[in-house]
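Which chain is which? The protein sequence lines are A and B, in order.
Counting from 1, position 81 in the first sequence corresponds to residue 81 in the numbering used here; the numbering is continuous, with no gaps.
Basically the numbering used here = 1-based index in the second sequence + 1000.
What follows is a single structure, written as structure tokens, with notes after it.
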Amino acid sequence: NAGVTQTPKFQVLKTGQSMTLQCAQDMNHNSMYWYRQDPGMGLRLIYYSASEGTTDKGEVPNGYNVSRLNKREFSLRLESAAPSQTSVYFCASREGAQPQHFGDGTRLSIL
Amino acid sequence: EDQVTQSPEALRLQEGESSSLNCSYTVSGLRGLFWYRQDPGKGPEFLFTLYSAGEEKEKERLKATLTKKESFLHITAPKPEDSATYLCAVPPLFSGGSNYKLTFGKGTLLTVNP
């Protein structure tokens, strides 16, 4: 089983460029999440989607937008990338009270 | 607001040297706790769910325990392949609601030397 798949795995952007990070899950989960992970800061929630058609802000939503395209896919968009958005981005999905399942991340550098 | 604190931040062990990692939390009510393992360049991988104080779960050399205010991850006779970052997380008070967001600790980086 693929589980949660994130693309791309690595990306380098220039300040001001835009980009969309893709996430897809094949577990038929209703809820999906986007996190960023920075040294010393741990995992911080950016946006989440409790079910298809709904999205909500997490702890650090500024500078990001999301789209829940369908039940499988949840994308994260940076409209105008800034160096402070250099991070590792993780997507996760969940069903009911079960633990979240994570993808292997997108490593994003913004110069 | 829920808070989760993990200690130590980093732990270096010799192969075979047993130890414990701590996850303490300040929450409005105990409703369980998750442990994850994260290898370099990978996403967190689920290890255990603990639901109530006194509960214990085991997997190979790992044993997780839970009290009302903290959880321990005991590592018995560790091997180099146990080297990873270990994360704990607590679920929200109402797990069935749409506002389901985990609160993660910052993790403990475990290094086991051969």
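Every residue, glycine too, gets a C-beta built ideally from N, C-alpha and C.
Remember, predicted model here, so these are calculated numbers, not experimental data.
Is residue i close to chain B, meaning its C-beta is less than 9 Å from at least one C-beta of that chain?
i	result
A/F102	yes
A/M19	no
A/R94	yes
A/A50	yes
A/G63	no
A/P99	yes
A/V4	yes
A/L111	no
A/F74	no
A/G42	yes
A/G53	no
A/L45	yes
Strictly under 9 Å for the Cβ-Cβ distance: is residue i near chain A by that measure?
i	result
B/G1105	yes
B/K1063	no
B/P1091	yes
B/G1043	yes
B/Y1036	yes
B/K1101	yes
B/T1049	yes
B/F1072	no
Distance cutoff 9 Å, beta carbons only. Does residue i sit that close to anything in chain D?
i	result
B/Y1086	Looking for chain D here will not work: the only protein chains present are A and B.
Bridge partners of residue i, per DSSP?
i	result
B/E1017	Paired residues: none, contrary to the question.
B/S1028	Note: B/S1028 sits in no beta bridge, so no partner.
A/A92	A/Y33, A/F102
B/Y1036	B/F1046, B/L1087
B/A1010	B/L1109
Could you tell me whether the region 11 to 21 of chain A touches the region 1008 to 1022 of chain B, where touching means 3 or more Cβ pairs closer than 8 Å?
no
Mind pulling the beta strand (DSSP E) runs of 3 or more residues that sit fully within the region 1040 to 1074 of chain B?
1045 to 1050, 1056 to 1059, 1062 to 1066
Decide yes or no for the touch test of the region 1033 to 1051 of chain B against the region 97 to 110 of chain A: beta carbon pairs closer than 8 Å, at least 3 of them.
yes
Would you check if the region 1077 to 1091 of chain B and the region 21 to 34 of chain A touch, i.e. whether three or more CB-CB distances between them fall below 8 Å?
no
Under 8 Å: do the region 1062 to 1077 of chain B and the region 78 to 86 of chain A share three or more Cβ pairs, one atom per stretch?
no
Contact list for the region 11 to 38 of chain A against chain B, Cβ threshold 7 Å
S31
For the pair the region 49 to 65 of chain A and the region 28 to 39 of chain A, tell me if three or more CB-CB distances fall below 8 Å.
yes
Unbroken stretches of the beta strand (DSSP E), 3 residues or longer, contained in the region 8 to 79 of chain A:
10 to 13, 19 to 25, 31 to 38, 42 to 49, 64 to 68, 74 to 78
Evaluate contact between the region 72 to 84 of chain A and the region 1021 to 1031 of chain B, counting only Cβ atoms and requiring at least three cross-stretch pairs below 8 Å.
no
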